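Novice: The structure follows.
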Amino acid sequence: MKIEIPPGLEKYKFFLFPIIVTVFSVLILIFVIIPQIYNLFNLSSKMDETNKKITSLTQKINNLNQIDRDLYKVYIDQMLIALPFDKDIPQSLSQVQFAAASTNLQIVGLDVANESTAINGALSYSIQLEVIGTLSDLKRFFNRFDEAPRVIRLAGYELTTSKDSSVYSGSVKLTTFFSPQPTTLGAIDTPVEGLSAADITLLTKIEQLTEITPIISVTGSTTPGKTNPFE
């Protein structure tokens, strides 16, 4: 099809065609070529990011394959002795009983708090004792919890004695810690962090303390409402 050029524009055709071609070229450059170049850079950036993730995940798989599962299971068991997922009240009371029996301290009353308190990222509950014993018995009883595998700390005490007696009586408050099982274990690309030398030393110490102090863990076998296991 032949396009007729109006007579009035005939003399401008040598000027109009280059202008029209230039305008179309600029439009093509703006709306087609530049977006394609931009998409190419974006694609390259995403490929680099994907390659980094693949490298990270490959390294994580290699690290996981090198872990001694049986050994880490032992480590987890040791950790749960010191800081279990739940209150495990029978285990705590067994260590209190052992500490009292090994120091000749007499426990005449006991109460376990139902509420839990958050302390330094862990949860805790209190054990209130009514005790009778000498000052030496009490000191040795308090020191026993530095050697106990379960994390139990002295929170406070109130003691009285008569002038003519070396026997003290009163209340002792202990704080027992536990840490609920985490609901998330981190993102898939989170690096695998192994145990440090300090962690392994601590776990070894817990294992040694477990050999010294009897551990009794009972689930669902205690009498409901009975707060004194020594009766």
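Counting along the sequence shown from 1, when you hit position 228 you're at 488 in our numbering, and nothing is skipped either side.
We put the CB at the ideal spot given by N, CA and C, even for glycine.
It should be emphasised that the depicted structure is a prediction, and the values quoted were computed from it without experimental measurement.
Tell me whether Ser384 sits in a helix, a strand or coil according to DSSP, three-state version.
Specialist: Locating residue 384 in the sequence shown gives position 124, counting from the first residue. DSSP places Ser384 in strand when its eight states are reduced to three.
Novice: From the DSSP output, in three-state form, read off Thr483 for me.
Specialist: Residue 483 sits at position 223 when you count from the first residue of the sequence shown. Note on Thr483: pLDDT 36, under 50, position unreliable in the model; no value is reported.
Novice: Using the Cα positions of Leu324 and Pro344, report the straight-line distance between them to the nearest angstrom.
Specialist: Along the sequence shown, read from residue 1 onward, the residue named residue 324 stands at position 64. Along the sequence shown, read from residue 1 onward, the residue named residue 344 stands at position 84. Cα to Cα, the separation comes out at about 24 Å.
Novice: Would you call Pro493 buried or exposed, if buried means 16 or more other Cβ atoms sit within 10 Å of its Cβ?
Specialist: What is shown of the chain runs 261 to 491, which leaves residue 493 out entirely.
Novice: What's the gap between the Cα of Ile392 and the Cα of Thr421?
Specialist: Counted from its first residue, the sequence shown places residue 392 at position 132. Counted from its first residue, the sequence shown places residue 421 at position 161. Each residue's Cα considered, the two are about 10 Å apart.
Novice: Have a look at Lys433 and Ser384 and give me their C-alpha separation to the nearest angstrom.
Specialist: Here residue 433 is taken as the residue at index 173 of the sequence shown, counted from 1. Here residue 384 is taken as the residue at index 124 of the sequence shown, counted from 1. Distance between the alpha carbons of Lys433 and Ser384 is about 13 Å.
Novice: Do Ile341 and Ile466 count as a contact pair if the criterion is CB distance below 8 Å?
Specialist: Translated into positions along the sequence shown, residue 466 becomes position 206. Translated into positions along the sequence shown, residue 341 becomes position 81. Yes, these two residues count as a Cβ contact at 8 Å.
Novice: Are the CB atoms of Phe405 and Ala373 nearer to each other than 8 Å?
Specialist: Here residue 405 corresponds to residue number 145 of the sequence shown, with the count starting at 1. Here residue 373 corresponds to residue number 113 of the sequence shown, with the count starting at 1. Cβ distance not < 8 Å, so Phe405 and Ala373 don't count as in contact.
Novice: Are there three or more Cβ pairs, one per stretch, closer than 8 Å when the stretch 315–335 is compared with the stretch 361–380?
Specialist: no
Novice: For the stretch 450–463 against the stretch 423–441, do three or more pairs of beta-carbon atoms, one drawn from each stretch, fall closer than 8 Å, so that the two count as touching?
Specialist: They do not touch, by the three-pair rule.
Novice: Please look up how many angstroms separate the CB atoms of Ile387 and Thr436, rounded, as I've assumed it's under 8 Å.
Specialist: Along the sequence shown, one-based indexing puts residue 387 at 127. Along the sequence shown, one-based indexing puts residue 436 at 176. About 6 Å; that satisfies the 8 Å criterion.
Novice: Roughly how far, in whole angstroms, is the beta-carbon of Gly369 from the beta-carbon of Leu389, given that I think they are within contact range, below 8 Å?
Specialist: Here residue 369 refers to the residue found at position 109 when the sequence shown is read from its first residue. Here residue 389 refers to the residue found at position 129 when the sequence shown is read from its first residue. So it is a contact: roughly 7 Å between Cβ atoms.
Novice: Looking only at its own chain, which residues have a Cβ that is under 8 Å from the Cβ of Lys486, when we skip the five neighbours before and after it?
Specialist: Counting from one through the sequence shown, the residue named residue 486 turns up at place 226. Confidence at Lys486 is low in this model, with a pLDDT of 37, below 50, so its placement is unreliable and the value that follows should be read with caution. If we look at Lys486 and ignore the five residues flanking it on each side, it has no Cβ neighbours.
Novice: Taking 8 Å as the limit between beta carbons, can you name the residues of its chain near Lys313, skipping five residues before and five after?
Specialist: For the purposes of this step, residue 313 is identified with residue 53 of the sequence shown, where counting begins at 1. If we look at Lys313 and ignore the five residues flanking it on each side, its Cβ neighbours are Asp449.
Novice: In the DSSP assignment, the alpha helix (DSSP H) including Ile321 goes from what residue to what residue?
Specialist: Locating residue 321 in the sequence shown gives position 61, counting from the first residue. Here the alpha helix (DSSP H) through Ile321 covers 294–325.
Novice: Please report the residue range of the beta strand (DSSP E) in which Phe437 lies.
Specialist: By 1-based counting over the sequence shown, the position of residue 437 is 177. Here the beta strand (DSSP E) through Phe437 covers 427–438.
Novice: Short of 7 Å in beta carbon distance, which residues of its chain neighbour Leu300, apart from the five on each side in sequence? Order them along the chain.
Specialist: Within the sequence shown, residue 300 is the residue found at index 40, counting from 1. Same-chain partners within the cutoff: there are none.
Novice: Roughly how many angstroms separate the alpha carbons of Ile280 and Pro295, rounded to a whole number?
Specialist: Here residue 280 refers to the residue found at position 20 of the sequence shown. Here residue 295 refers to the residue found at position 35 of the sequence shown. Near 22 Å, if we compare the C-alpha coordinates of Pro295 and Ile280.
Novice: Find out if the Cβ-Cβ distance for the pair Met339, Leu463 is shorter than 8 Å.
Specialist: Locating residue 339 in the sequence shown gives position 79, counting from the first residue. Locating residue 463 in the sequence shown gives position 203, counting from the first residue. Leu463 is positioned such that its CB atom lies closer than 8 Å to that of Met339.
Novice: List the whole-angstrom C-beta distance separating Thr363 from Arg413, where the pair is believed to meet the contact cut-off of C-beta under 8 Å.
Specialist: Numbered from 1 along the sequence shown, position 103 holds the residue referred to as residue 363. Numbered from 1 along the sequence shown, position 153 holds the residue referred to as residue 413. Not confirmed; about 17 Å, so no contact.
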